[in-house]
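Trainee:
Number of protein chains: 2
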Amino acid sequence: MYSDSIIKNFRSYVDFQQKELDAFFDLAHYQKFKKNEMLFESGPGSCPFILIKSGCLMTYFTGEKDFIHVIQFGIENWWTGDLNSFMQEEASIYSIKAMANTEVYILGKKEFESLCAKFPNFEKYFRILFQNSLVSHQKRIIRNISFTAEEKYLTFTQNFGKLELILPQKYIASYLGITPEFLSMIRRKLAGR
Amino acid sequence: MYSDSIIKNFRSYVDFQQKELDAFFDLAHYQKFKKNEMLFESGPGSCPFILIKSGCLMTYFTGEKDFIHVIQFGIENWWTGDLNSFMQEEASIYSIKAMANTEVYILGKKEFESLCAKFPNFEKYFRILFQNSLVSHQKRIIRNISFTAEEKYLTFTQNFGKLELILPQKYIASYLGITPEFLSMIRRKLAGR
DNA sequence: GCATATCGTTAAAGTAGTTTAATAAAATGG
DNA sequence: CCATTTTATTAAACTACTTTAACGATATGC
Chain G
0 MYSDSIIKNF RSYVDFQQKE LDAFFDLAHY QKFKKNEMLF ESGPGSCPFI LIKSGCLMTY
60 FTGEKDFIHV IQFGIENWWT GDLNSFMQEE ASIYSIKAMA NTEVYILGKK EFESLCAKFP
120 NFEKYFRILF QNSLVSHQKR IIRNISFTAE EKYLTFTQNF GKLELILPQK YIASYLGITP
180 EFLSMIRRKL AGR
Chain D
0 MYSDSIIKNF RSYVDFQQKE LDAFFDLAHY QKFKKNEMLF ESGPGSCPFI LIKSGCLMTY
60 FTGEKDFIHV IQFGIENWWT GDLNSFMQEE ASIYSIKAMA NTEVYILGKK EFESLCAKFP
120 NFEKYFRILF QNSLVSHQKR IIRNISFTAE EKYLTFTQNF GKLELILPQK YIASYLGITP
180 EFLSMIRRKL AGR
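Those sequence lines, one after another, are chains G and D. The first sequence begins at 0 in numbering that gives the first Met the number 0 and counts up by one. The second sequence begins at 0 in numbering that gives the first Met the number 0 and counts up by one.
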């Protein structure tokens, strides 16, 4: 259940002591999900904060005509969830689904706050985590406002690599903000057909 | 030079002691900019981290054919800058311009780290700041992938209110990821003409 | 306060991306 | 392993948005 990869990742941000990491594994709830299982469904309950040990999670919301808008794909060592719902303990419109067999550590709000309050290193860790996440969100916004659909897709393949192979194309299209039909055309064109 | 509004804002996130706030005002560099003055120009130097006391700053980068892509409009109590450039002390492609007479507090990397290291409250403050910023960036991404141009514009007017009146429309259009010509048509349609 | 550049508006033509619909391919479940 | 559902492909018609260009309105500097 303990994970070298997760620990290594923690320590790449902050110089954690063993007892601090122990506290995390103590407070976090380890859980496995099979491919296509739901980890969280939108609704009145607040969304947990999730660290992915292995596998892949998709965070999305459902819009008009049951259309699924994909907000994020999360992979190994990524945190995911609805931060707003988590922090404010409000209802969430997001849902989270396992796109592959997935292992996670789930944090509740109390546990999160307890970690931050007890260990300045965790406060620092999350500060840096959010800071880095902010940078990548900003980059995604830049792509959204200045890239063509083809450029967005090419960036996706660069950023997510092999993940593309296991994800249904309609969700990739949704993540990019284009239709699956158009993504299909882009891929055909890029394949030189 | 000290600002009640800024202090009030600091304290809305974290219960700061006076000496902590004093340390901030001590380390930060207060500066005034006239409308249309450049606060930072893209290039090899790393971008500072800026807290706006009053006025309005526009963060943007220049793309092909000198086209300006607006990343953010910042107003009173907002932080702005190129977080990536700031944290990694790398060159920035961003530039920052005053869209109105503007007062700011500018933080350097060393000063930022010194605040975080000395005062856990500042570490916490920035953690919450980045956390909230992340939530609004995520919302903006959702708008980008799921809203029409008209819906994006309406959200902008709701979010920024009076600011719209002082900003050249071509920059609003750029921020929304549409052409100024199309924004002009949207506004005419909304005005019922 | 005039000259000049910049910005905003309008309209026509063009295009990137959507919609619809029909068919093919692949995944899922009993 | 077959039946059913879901997903991907393709193509034609469509539309939201862009491009270009010309003109009018505003701002800016000398």
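We put the beta carbon where it would ideally sit given N, CA and C, even for glycine.
So, is Lys52(D) buried or exposed, given that buried needs 16 or more other C-beta atoms within 10 angstroms?
Mentor: Taking the second sequence and counting its residues from 1, one reaches residue 52(D) at position 53. Lys52(D) comes out buried.
Trainee: Since Gln130(G) meets chain D, which of its residues come closer than 7 Å, beta carbon to beta carbon?
Mentor: For this step, residue 130(G) is matched to residue 131 along the first sequence. Result: Leu82, Met86 and Phe129.
Trainee: Does the CB of Asn143(D) have a neighbour CB from chain G at under 8 Å?
Mentor: Here the question's residue 143(D) lines up with position 144 in the second sequence. Asn143(D) counts as touching chain G.
Trainee: Pick out whichever of Leu56(G), Cys46(G) and Ile67(G) has its Cα sitting closest to the Cα of Lys165(G).
Mentor: Within the first sequence, residue 165(G) is the residue found at index 166, counting from 1. The identity of residue 165(G) in the sequence shown is Ile, whereas the question assumes Lys. Closest option to Ile165(G), Cα to Cα, is Leu56(G).
Trainee: Starting from Pro119(D), find everything on chain G with Cβ-Cβ shorter than 8 Å and list it in chain order.
Mentor: Here the question's residue 119(D) lines up with position 120 in the second sequence. Chain G residues near Pro119(D): Pro119 and Glu122.
Trainee: Quick one: is Met157(G) buried, meaning 16 or more other Cβ sit within 10 Å of its Cβ, or exposed?
Mentor: Mapped onto the first sequence, residue 157(G) falls at position 158. Strictly speaking, residue 157(G) in this sequence is Gln, with Met absent from that position. Exposed, since its Cβ has fewer than 16 Cβ neighbours within 10 Å.
Trainee: Using the three-state DSSP reduction, which class does Ser91(D) fall into: helix, strand or coil?
Mentor: Looking up residue 91(D) in the second sequence gives position 92. Three-state DSSP puts Ser91(D) in a strand.
Trainee: Pick out the complete beta strand (DSSP E) segments inside the region 46–115 of chain G, 3 residues or longer, and give them in chain order.
Mentor: Those beta strand (DSSP E) runs which fall completely within the region 46–115 of chain G and span 3+ residues are 48–53, 55–61, 67–74, 78–80, 93–97 and 101–106.
Trainee: Check whether the Cβ of Val134(G) lies closer than 8 Å to any Cβ atom in chain D.
Mentor: Working through the first sequence from its first residue, we reach residue 134(G) at position 135. Judged by the 8 Å Cβ criterion, Val134(G) is in contact with chain D.
Trainee: Arg139(D) versus chain G: which residues are under 7 Å apart at the beta carbon?
Mentor: To locate residue 139(D), count along the second sequence from 1; it is residue 140. Ile140, listed in chain order.
Trainee: Would you kindly check if the distance between the Cβ of Ser84(G) and the Cβ of Cys115(G) is under 8 Å?
Mentor: What you label residue 115(G) is simply residue 116 of the first sequence in a count that begins at 1. What you label residue 84(G) is simply residue 85 of the first sequence in a count that begins at 1. In this structure, Ser84(G) does not lie closer than 8 Å to Cys115(G) by Cβ.
Trainee: I need the boundaries of the alpha helix (DSSP H) containing Gln17(G), first residue and last residue.
Mentor: If you number the first sequence from 1, residue 17(G) lands on position 18. Segment Gln17 to Leu26, the alpha helix (DSSP H) holding Gln17(G).
Trainee: Can you tell me which of Ala22(D), Asn120(D), Glu102(D) and Ile6(D) puts its alpha carbon nearest to the alpha carbon of Gln30(D)?
Mentor: Numbered from 1 along the second sequence, position 31 holds the residue referred to as residue 30(D). Closest by alpha carbon: Glu102(D).
Trainee: Would you call the region 84–93 of chain G in contact with the region 114–130 of chain G, where contact means no fewer than 3 C-beta pairs closer than 8 Å?
Mentor: As far as the Cβ criterion goes, the region 84–93 of chain G does not touch the region 114–130 of chain G, which means the pair count is below three.
Trainee: Could one say the Cβ of Ile95(G) lies closer than 8 Å to chain D's Cβ atoms, at least one of them?
Mentor: Working through the first sequence from its first residue, we reach residue 95(G) at position 96. No, because no Cβ of chain D sits closer than 8 Å to the Cβ of Ile95(G).
Trainee: For the region 10–30 of chain G, list every residue whose C-beta sits within 8 Å of some C-beta in chain D, in sequence order.
Mentor: Listed in sequence order: no entries.
Trainee: Using a Cβ-Cβ cut-off of less than 7 Å, give me the residues of the region 44–76 of chain G that come near chain D, in sequence order.
Mentor: Taking 7 Å as the Cβ-Cβ cut-off against chain D, the residues of the region 44–76 of chain G that qualify are Gly62, His68 and Ile70.
Trainee: Which same chain residues, not among the five before or five after Glu149(D), have their C-beta less than 8 Å away from its C-beta?
Mentor: For the purposes of this step, residue 149(D) is identified with residue 150 of the second sequence, where counting begins at 1. So the list reads Ile185, Lys188 and Leu189, once near-sequence residues are dropped.
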